[in-house]
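The sequence shown maps to residues 557 to 1024 in my numbering. Cβ atoms here follow ideal geometry from the backbone N, Cα and C, with glycine treated the same way.
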Amino acid sequence: MAFPTLTFAIFFSVVILLSWLLMPLPKYWKPFIITASLIFYGYADYRFVALLLFMVVANQFAAIRIYQVRHNHKKKTLTLATIITTDLLTLGVFKYFNFFIDSFNQLFGGFGGDSNLLALRIILPIGISFYTFQAISYVMDVYRERMLPAKFIDFAVLLTFFPHLVAGPIVRPSEFIPQLQSPRSPRDIPLSPALVLIAAGLIKKVVIADQLGRLSVDQVFGAPSAYSSWDILIAILAFGVQIYCDFSGYTDMAIGIAMLLGFRFPQNFDRPYRAASLQDFWRRWHMTLSRFLRDYLYVGLGGNQKGERRTAINLIATMTIGGFWHGASITFIVWGLLHGIGLAVERYLRMNIKFRLPNMLSIVATFVFVNLVWVFFRSETITDSLNMFVELATSFGEQTLTITPLLILLITLGLFGQYLPGRLTQRSNDLIGAIPVPLAAIGVGIAMALVMLLTSGNGVSPFIYFQF
């Protein structure tokens, strides 16, 4: 059930009305929102509701057990290892089983063997990567004694809460659960900012991201040999804008919808294409995933506390695993690996050679690197990625086929907000909070009208991150 659809609009209209009525009564509101979230999740495939409930029960049981044996380090660690293994095996079976079977068959066949292990073609549950990480962060925080185990119903709300269930943001338990325990009222909901975020997310997704895919990205990445170098260059740039507007558009809607239900989610994007380094980029792009990888993987590997060589290895390992988290494909692994190598090289230059480009050149260099590496993220295979680069380098004499004023306008609109001065951005946020609610509602209405106009007969393209 995607956000920019009539089905979701009807669903959410009912949910928001009942939520506001029940909000002063937590005893009734919590079971209601869990039920609504399970309906939302089960709409695509009801069979995966049982999987989600299993994750809730297993991780809550483990968190309680970790707390009960907190003074026995061996039992405490064994319980943590068991639940994390369970979580990762569940994720692995659904997301990576066929990848490993196919890889084994290809590898064995390459050595002249005769292997044909059966790939089961298991259906990937939407959002499993996100709620698996959400569950792991909960049991890890209990293990590290950063929090006590939550009530079962509170943890169930955290893990199933539909605004962030299928594509984040990945919310820390310490950010979400206290909000469940505080008195909440519909009168305290910031209606105007929530509605503006929803409208902005709809426009980013449907007006910019989907149209960039239709006008350039899908065509060029699908058959790069048919297009000129200029078409390919613009398509690479267009995909960088598309994935930003698609994912940040989803995040804007998720944050706005959560606001209307009385919750604050953490920021997930902060003008990533104005980053002056890769480290800066990952502080601005998918910020909740970045901090998860830092807090629960990079630090667990030793972080930067065990020497420069080990730090470089930790950076590369963390980003490679982060790439693999995105999908069961060698292209995602290469994408993460390249970012890890880039971060390690960048750190080496900063720490040992004291080499620094002027700020503007640093922004340009980071932007170019990030967008070129996106080619691996978008391509189906490594061969497809390499073909894109070959055609980019060798087809400058060909006639351009996809570059139009509308395409350039959409790319410009998608990048425009990235380079506004920080003070102007803050001022804009202050003004949004002062917008009258009826005017904000009109903005949502206009955004919905654009959705219907641009998607009539075609439907809304799935969010890119729904596949993860």
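Given that a residue counts as buried once 16 or more other Cβ atoms are within 10 Å of its Cβ, and exposed if not, what is residue i?
i: residue 798; result: buried
i: residue 902; result: buried
i: residue 864; result: exposed
i: residue 601; result: exposed
i: residue 583; result: exposed
i: residue 573; result: exposed
i: residue 962; result: exposed
i: residue 688; result: buried
i: residue 947; result: buried
i: residue 629; result: exposed
i: residue 728; result: buried
i: residue 559; result: buried
i: residue 720; result: buried
i: residue 1018; result: exposed
i: residue 914; result: exposed
i: residue 856; result: exposed
i: residue 563; result: exposed
i: residue 920; result: exposed
i: residue 935; result: buried
i: residue 565; result: exposed
i: residue 909; result: exposed
i: residue 941; result: buried
i: residue 950; result: exposed
Less than 7 Å separating the beta-carbons of residue i and residue j?
i: residue 814; j: residue 821; result: yes
i: residue 1000; j: residue 756; result: no
i: residue 690; j: residue 715; result: yes
i: residue 848; j: residue 891; result: no
i: residue 639; j: residue 695; result: yes
i: residue 750; j: residue 812; result: yes
i: residue 1020; j: residue 748; result: no
i: residue 710; j: residue 733; result: yes
i: residue 1027; j: residue 742; result: Outside the modelled stretch of the chain, which goes from 557 to 1024, sits residue 1027, for which no answer is possible.
i: residue 592; j: residue 605; result: no
i: residue 642; j: residue 614; result: yes
i: residue 876; j: residue 894; result: no
i: residue 888; j: residue 879; result: yes
i: residue 1038; j: residue 722; result: Any property of residue 1038 remains undetermined from this structure, which presents the chain solely from 557 to 1024.
i: residue 753; j: residue 808; result: yes
i: residue 680; j: residue 650; result: yes
i: residue 923; j: residue 829; result: yes
i: residue 791; j: residue 772; result: yes
i: residue 845; j: residue 964; result: no
i: residue 796; j: residue 930; result: yes
i: residue 974; j: residue 839; result: no
i: residue 713; j: residue 631; result: no
Taking 6 Å as the limit between beta carbons, can you name the residues of its chain near residue i, skipping five residues before and five after?
i: residue 596; result: 557 and 718
i: residue 911; result: 905
i: residue 998; result: none
i: residue 1010; result: 762
i: residue 996; result: 748, 751 and 752
i: residue 568; result: none
Within its chain, find whatever has a CB closer than 7 Å to the CB of residue i; leave out the 5 residues flanking it on each side and keep chain order.
i: residue 823; result: 843
i: residue 918; result: 832 and 833
i: residue 670; result: A caution first: residue 670 carries a pLDDT of 49, below 50, which makes its placement in the model too unreliable to give a value.
i: residue 533; result: In the structure displayed, the chain extends from 557 to 1024; residue 533 sits before or after that span and is not available.
i: residue 881; result: 685
i: residue 759; result: 1003 and 1006
i: residue 599; result: 557
i: residue 886; result: 938
i: residue 787; result: 776, 956, 957, 958 and 959
i: residue 1022; result: 682, 722 and 723
i: residue 837; result: 828, 831, 922 and 926
So is the beta-carbon of residue i under 6 Å away from any non-hydrogen atom of the ligand PLP?
i: residue 567; result: Inclusion of the ligand PLP in the displayed structure is not the case, the ligand content being empty and no account of it being possible.
So, at 8 Å on beta carbons, what are the nonlocal neighbours of residue i in its own chain, with the 5 sequence-adjacent residues on each side left out?
i: residue 793; result: 927 and 967
i: residue 768; result: 794, 795, 797, 798, 801, 963, 966, 967 and 970
Would you be able to state if there are at least three C-beta pairs under 8 Å between the stretch 864 to 873 and the stretch 953 to 966?
no
With a threshold of 8 Å, are at least 3 pairs of Cβ atoms found where one atom belongs to the stretch 956 to 973 and the other to the stretch 776 to 788?
yes
Report yes or no: do the stretch 697 to 706 and the stretch 602 to 620 share at least 3 C-beta pairs separated by less than 8 Å?
yes
With contact counted as at least three CB pairs below 8 Å, one residue from each stretch, are the stretch 762 to 777 and the stretch 965 to 972 in contact?
yes
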